[in-house]
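Trainee: Handing you this structure, nothing more for now.
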Amino acid sequence: MSANKKANPTLGAAKKPAMAGISSKAEKEADLVMGTNNSSIVSKRSVEMLYYPKPHFFRYFVKKPQRRSPLINRGYWLRMHAMAETVRQFMRESSGKPKFVLNLGCGFDPLPFILLSEDPSLCRDTRFVDIDYEKLMINKKTAIRRTDEITQTLKDVEFLSDESAVQIRSTHYLGIGCDLKNLKKLDDVLRNEVLPAECSVLFLAEVSLTYMDVKSANAVLDWASKLNNDAKFCILEQFFPDGPDHPFASTMMKHFKKLGAPLYSIHEYPSLSEQEQRFKNAGWRQAHARSLWDLWSDDGYVSSSLRSSLNAVEPFDEWEEFALFASHYFLLIASTSQGELHHSADKTAQPGQVADVSSQFALLARSPAGGGQRRFGALVPDGEHSFGYHAGLGRQTRLATTNLYSNANDITGPTLPFPSREVPARMCHTVTHLASGDCLLVGGRASPAAGLQDCWLRQGTQWRPTQNLPVPRFRHSATRVTLDSNHVLLYGGKTSDGTVLDVWLLWSGNGDGWKPVETFGNTPRARFGACLASIDNASGFLFGGISADGIVIEDFWTWKLHRRSDGSYHLELHDGTEILRASPLFEYISRFGATATCSSSGLVIVGGIIPRQIVPYDKEIMLLDPTALANCLAGEPSQPRNVLSAVGLGLNFGGPRPLLVGHASYAVDPNQVLVLGGGAVCFSFGTFWTEGTWLLKRVDAETSENEWNLVPESAQTSKVEELSVDPSSMDNQAPNEIAPIPRVKVQTAAQFQQILADGKPVIIEGSDLGPCTERWTKEYLGDAVGRDRKVVVHEAHSENMSFQAKNFSYTTKEFGSFLDEVHTGGRQYLRSISAEEPTKLPANLAVDFPNLKDDFCLPEPLSMVVENAHSSPLRISGPVTLWLHYDVMANVLCQIRGEKRLILFPPSDVEYLQVPAGASSSTINIFQNHTDGSIAAVPHTSPQEAVLCRGDILFIPPLWLHTASPTGQVSVAVNVFFRNLSKGYAAGRDVYGNRDLQAYEKARNDLQKIAKSFDGLPPDMARFYLLRLAKELRDKAEA
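Residue numbers (our numbering): 8 to 1046.
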């Protein structure tokens, strides 16, 4: 760049087009609706790239393809398949007349081109007509005109003028530009230029009419029913399967409202039956609506082999979230022809059929914001008044930590040890409670393609590894059985290559480890995510789970474990499905991802997902009576309807509704079951967390309040941190000698280049950062940024923030409120993110805070930083300590106001600083005592110290671990990260500049393969060779 005296680290703000005048309200609304198409086709392009054979057609309408998450891919695959299969079924029907497929609000969807390309003979008598806003269809025409692959598929294509209603005309395809509210124009065009007197018509509306006001949308339906006497209408839209207050529904509605494209029809016609009646009122003789989750399990729409084939495309384990999404979208087929009417879409049990005991139970909520956000963890027993919730998935990653829960105010730490850092982060694992507080932790997974087979036993006060599983598995089911001693019975699960397991295993604490269990009688289908419950020492139930082809299994089994005289075991299995099916509530206990907990009232079944529909509010919690069931199975006179009863959310439930997937449950005493954790990514609409705890009790119990709460990390600090550094290594250990980081003056670019070459941190003093060092007072910042501007801040629960323990919450608040609170001692920290696209773009001070950009500049000798800048976040912090971490990119930290103390460690110290594999943050709290300023004495390390004053610039080389502590003042700083390597950074998006180098990420994958290659060898032999390889790797690192 040109050599200016001062250079702003502006990261190339994109040019914005000049305003084209003020649009009308209608035009603005239309643009917002068309904007939803842009996001939708990017997701559909992601599906096409992975799941569809070539030729691909979305590619011509999506300039920048993005690979979406497996959840988004599978959800859109189902949407696309439902629409395409409906069209195929229409074309297969024999009518003897030409057929027309009219897509109302088509967007850039290339469905006609896909169908014409894959099966021209099926489309022989069909003409596809795409209809959407004039502006959109002109753009679609332009894209088609320049794409030979499409024009060759269409044959004899003609492109008409922009003023013409018909924009594109060919043998099998037409494109019409028309606002759907202008029905007269559309009717004239179709009758006069498109449709013959005798024809069969299929209307399509995939999430398009719902963006119209209800009156206009209904006018379309009424008009369509009269356009032709042989017509069908296929509509795919959102609905409320269990009301607008369901957590998924409320998250979805907030999303569309935020986009400025709210859904209208859903409020007027929230249920399937109301949607069916809506069409009948509009003149359609019959209408049948089904949720996409219902269609998913219908072999007529999605065959078993097709469902199974999807698993080979990409690893997938977001079943609860997929079911929630698919349960909130419906496909309705209406017809003008008289035919056999389908059954009603919404089934309602007749009064008196269902045993409802909700009035006998109460669910007490204790749900403070930010109270323990994790799901798919496992509960670890502790004392009478406490337990732990281990691992699982947190806000950003899988966790290795354990949250402590207690109902006593004086408990500040666990009675028994929780799993140590040696136990890798995981989710979808089990912890089975044994006698005397012992427990067995089994398996789980990292990613869906990386199952775990390690097992850990807590015996007394020690955790130790025990025999591994024969193969890695997650989403398995486990329960305790006791015959002669403690055992753990395990069934099912899924392994890393996607295989669904049907093996029964028994773990014995006598040193035998895992052994297969011989079974007698019929055997259950392979499954994962099932409920396995023990009702006495050696017998119990198995039900639910998902099969290899992705269907929630509807059966019910009893099992009984027997011990032979020779000491071996066998399992007696009995299929009780048909007996239990007589209960009107049977369909609600076939669940995936539910929990089953024994209590004095019976087996409490909580949450999860069920076949074909969402779990309704009044069936969220179910109760199974083991005694009544035993009587039925024994052939004694008993009513099957008494076996199952519905608790729902209890009597007069007044708390916020929990989302009971990914949760855990625990019998805190025989009469009370505690539910905690859980939540879900609600498709592309946002994440919902079930925070806090939920206590289920009988209404006549003495307990009147739920006192179970997450023990704040700050209350556990002393105990946790005593364990964070090996105590034995600190005996008689002199405090580390802290070396001061040198201070230098830099007057030329060559001097700074030498600093980069040396690769050591320095404090650059005496440089001019611009007027910001004087101007950026609390008042000035409030005025310049805007006091009502929303920002996301870290709100800490203690002075020492821990990224691993997540003892802070991300809170959105007004910038003015944040400034007021942080200047009065609030434990808060702002690290600015991109104002435009925080998940896609790095922070850029000049773009994100345009009124501050002229106040801050880097001195001219640091022009190399500006030329290679990655991001420039603004940092404002109160009395909180940032966790010890490293950044992959070099950066300069410019102190604008206040002071800050930093401790840095060279990269060579990383092996002593407890940074978990694949992470960039340490588990050690370096600042152990704010009073005397001492830091943790970590053996074999070489800490260095920097105290930054106003105007100082700290150069932090790549991979230097560092942490920052306040000095009593509010600190204001600007960080500028820059690329100092020409290549080697991680591929893809790196918003924060801290993704590890590509070589490291690849090597970790290779390491997994190396370790896996030793599977099947005796553990001692595998350990021998792996340690030899580790030594060889260390030698190369130190060479």
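Think of the CB as a built atom: it goes at the ideal place given N, C-alpha and C, for glycine as much as any other residue.
1. Tell me whether the beta-carbon of residue 481 lies closer than 8 angstroms to the beta-carbon of residue 458.
2. I'd like to confirm the pairing. Which residues does DSSP put opposite residue 704 in its beta bridges?
3. Is it buried or exposed, residue 396, if we count other Cβ atoms within 10 angstroms and call 16 or more buried?
4. Given that a residue counts as buried once 16 or more other Cβ atoms are within 10 Å of its Cβ, and exposed if not, what is residue 959?
5. Assuming the contact rule is C-beta atoms closer than 8 angstroms, residue 562 and residue 584 should be a hit. Round their C-beta distance to whole Å, please.
6. Quick check on residue 593: buried or exposed, where buried means 16 or more other Cβ atoms within 10 Å of its Cβ?
7. Kindly list the residues whose CB is nearer than 7 angstroms to the CB of residue 150, restricted to its own chain and excluding five residues on each side of it in sequence; keep chain order.
8. Between the segment 179-188 and the segment 239-248, do at least 3 Cβ pairs fall closer than 8 angstroms?
9. For residue 291, does the three-state DSSP call read helix, strand or coil?
10. Is residue 45 helix, strand or coil when you go by DSSP?
11. So, for residue 106: in the same chain, excluding its five sequence neighbours on each side, which residues have a beta-carbon less than 8 angstroms away from its beta-carbon?
12. Once the 5 residues before and after residue 783 are set aside, which same chain residues still bring their CB inside 6 angstroms of it?
13. Rounded to the nearest angstrom, what separates residue 1026 and residue 429 at their Cα positions?
14. What residue does the alpha helix (DSSP H) around residue 1028 start on, and which one ends it?
15. Classify residue 174 as buried or exposed, calling it buried when 16 or more other Cβ atoms lie within 10 Å of its own Cβ.
16. In this structure, how does DSSP classify residue 417 when only helix, strand and coil are distinguished?
17. Mind checking residue 947: buried by the 16 CB within 10 Å criterion, or exposed?
18. Taking the Cβ atom as the reference point for each residue, do residue 400 and residue 383 lie within a distance shorter than 8 angstroms?
19. Is it the case that the segment 534-542 contacts the segment 595-611, given that we only count it when at least three CB pairs across the two stretches are under 8 angstroms?
20. Tell me which residues share the same chain as residue 914 and place their Cβ nearer than 7 angstroms to its Cβ, disregarding the 5 neighbours each side in the sequence.
21. How big is the Cα-Cα spacing for residue 796 and residue 949?
22. Output yes or no for whether 8 angstroms exceeds the beta carbon distance between residue 838 and residue 806.
23. Mapping DSSP to helix, strand and coil, what is residue 434?
24. At the level of alpha carbons, what is the spacing between residue 726 and residue 435?
25. Could you give the distance in angstroms between the alpha-carbon of residue 1009 and the alpha-carbon of residue 1016?
26. Would you decide whether residue 956 is buried or exposed? Buried here means 16 or more other CB atoms lie within 10 Å of its CB.
27. At 3 residues or longer, and completely inside the segment 600-640: list those beta strand (DSSP E) runs for me, N to C.
28. Under the three-state reduction of DSSP, which class applies to residue 129: helix, strand or coil?
29. Grab me the residues of residue 675's own chain with a C-beta within less than 6 angstroms of its C-beta, minus the 5 sequence neighbours each way, in chain order.
30. Once the 5 residues before and after residue 258 are set aside, which same chain residues still bring their CB inside 6 angstroms of it?
31. Measuring from the CB of residue 691, is there a heavy atom of the ligand ATP at a distance below 7 angstroms?
32. Using C-beta distances below 8 angstroms, list every residue in its chain close to residue 238, excluding the 5 sequence neighbours before and after it, in chain order.
33. Is the segment 612-625 close to the segment 661-673, with three or more CB pairs under 8 angstroms?
34. When we look at the beta-carbon of residue 324 and count the other beta-carbons within 10 Å, is it buried (16 or more) or exposed?
35. From what residue to what residue does the beta strand (DSSP E) around residue 466 run?
36. In this structure, what does DSSP give as the bridge partners for residue 540?
Mentor: Quick answer:
1. Along the sequence shown, read from residue 1 onward, the residue named residue 481 stands at position 474. Along the sequence shown, read from residue 1 onward, the residue named residue 458 stands at position 451. Residue 458 is positioned such that its CB atom lies closer than 8 angstroms to that of residue 481.
2. If you number the sequence shown from 1, residue 704 lands on position 697. When beta bridges are read from the DSSP output, residue 704 appears opposite 369.
3. Mapped onto the sequence shown, residue 396 falls at position 389. Result: buried.
4. For this step, residue 959 is matched to residue 952 along the sequence shown. The Cβ neighbour count for residue 959, taken over all protein chains shown within 10 Å, is at least 16; the residue is labelled buried.
5. By one-based count along the sequence shown, residue 562 stands at place 555. By one-based count along the sequence shown, residue 584 stands at place 577. By a beta-carbon distance limit of 8 angstroms, residue 562 contacts residue 584. Their separation comes to about 4 angstroms.
6. As a first step, residue 593 must be located in the sequence shown, where it is residue number 586. Only buried fits residue 593, as 16 or more other CB atoms lie within 10 angstroms of its CB.
7. For this step, residue 150 is matched to residue 143 along the sequence shown. Setting aside the 5 residues that flank it on each side, residue 150 is surrounded in the same chain by 67 and 68, each with a C-beta closer than 7 angstroms to its C-beta; the list follows chain order.
8. Not touching, per the Cβ criterion.
9. Counted from its first residue, the sequence shown places residue 291 at position 284. Here residue 291 sits in coil by DSSP.
10. Numbered from 1 along the sequence shown, position 38 holds the residue referred to as residue 45. The answer is helix: DSSP assigns residue 45 an H, G or I state.
11. As a working note, residue 106 is residue 99 in the sequence shown. Same-chain partners within the cutoff: 97, 98, 132, 133, 134, 206, 207, 208 and 209.
12. Here residue 783 refers to the residue found at position 776 when the sequence shown is read from its first residue. Same-chain partners within the cutoff: 903, 904 and 979.
13. Mapped onto the sequence shown, residue 1026 falls at position 1019. Mapped onto the sequence shown, residue 429 falls at position 422. Using only the alpha carbons, I get a separation of about 17 angstroms.
14. As a first step, residue 1028 must be located in the sequence shown, where it is residue number 1021. Residue 1028 -> alpha helix (DSSP H) spans 1026-1045.
15. For this step, residue 174 is matched to residue 167 along the sequence shown. So residue 174 ends up on the buried side.
16. For this step, residue 417 is matched to residue 410 along the sequence shown. Residue 417 sits in coil when the DSSP states are folded into three classes, being neither helix nor strand.
17. Position 940 of the sequence shown, counted from the start, is the residue given in the question as residue 947. Residue environment for residue 947: exposed (fewer than 16 other C-beta atoms within 10 angstroms of its C-beta).
18. Position 393 of the sequence shown holds residue 400. Position 376 of the sequence shown holds residue 383. Against a cut-off of 8 angstroms, the Cβ pair of residue 383 and residue 400 comes out as a contact.
19. Yes, the segment 595-611 is in contact with the segment 534-542.
20. In the sequence shown, residue 914 corresponds to position 907, counting from 1. Excluding positions up to five away in sequence, the list reads 966 and 967.
21. Taking the sequence shown and counting its residues from 1, the one referred to as residue 796 is at position 789. Taking the sequence shown and counting its residues from 1, the one referred to as residue 949 is at position 942. Residue 796 and residue 949 have their C-alpha atoms spaced approximately 42 angstroms apart.
22. Translated into the one-based positions of the sequence shown, residue 838 becomes position 831. Translated into the one-based positions of the sequence shown, residue 806 becomes position 799. Cβ distance not < 8 angstroms, so residue 838 and residue 806 don't count as in contact.
23. If you number the sequence shown from 1, residue 434 lands on position 427. In the three-state scheme derived from DSSP, where H, G and I count as helix and E and B as strand, residue 434 is classed as strand.
24. For this step, residue 726 is matched to residue 719 along the sequence shown. For this step, residue 435 is matched to residue 428 along the sequence shown. Unreliable positioning characterises residue 726 in this predicted model, as indicated by a pLDDT of 39, which lies under 50. The coordinate reading is nonetheless provided below. Computed Cα separation, rounded: 27 angstroms.
25. In the sequence shown, residue 1009 corresponds to position 1002, counting from 1. In the sequence shown, residue 1016 corresponds to position 1009, counting from 1. Inter-residue distance for residue 1009 and residue 1016 is about 11 angstroms (C-alpha atoms, whole angstroms).
26. Locating residue 956 in the sequence shown gives position 949, counting from the first residue. With fewer than 16 other Cβ atoms inside 10 Å of its own Cβ, residue 956 counts as exposed.
27. The qualifying runs are 602-606, 609-613 and 628-631.
28. On the sequence shown, residue 129 is found 122 positions in, with the first residue counted as 1. Three-state result, residue 129: coil.
29. Translated into positions along the sequence shown, residue 675 becomes position 668. If we look at residue 675 and ignore the five residues flanking it on each side, its Cβ neighbours are 681.
30. Looking up residue 258 in the sequence shown gives position 251. Short of 6 angstroms from the beta carbon of residue 258, and not among the five residues preceding or following it, lie these beta carbons of its own chain, in chain order: 689, 692, 693 and 695.
31. Within the structure as shown, the ligand ATP is missing, as the structure has no ligands at all.
32. The residue you call residue 238 lines up with position 231 of the sequence shown. If we look at residue 238 and ignore the five residues flanking it on each side, its Cβ neighbours are 207, 208, 209, 210, 231, 232, 342 and 343.
33. Contact between the segment 612-625 and the segment 661-673 is present, because at least three Cβ pairs lie under 8 angstroms.
34. Along the sequence shown, read from residue 1 onward, the residue named residue 324 stands at position 317. So residue 324 ends up on the buried side.
35. Taking the first residue of the sequence shown as position 1, residue 466 is located at position 459. Note, residue 466: beta strand (DSSP E), 462-466.
36. Within the sequence shown, the letter at position 533 stands for residue 540. Residue 540 is bridged by DSSP to 548.
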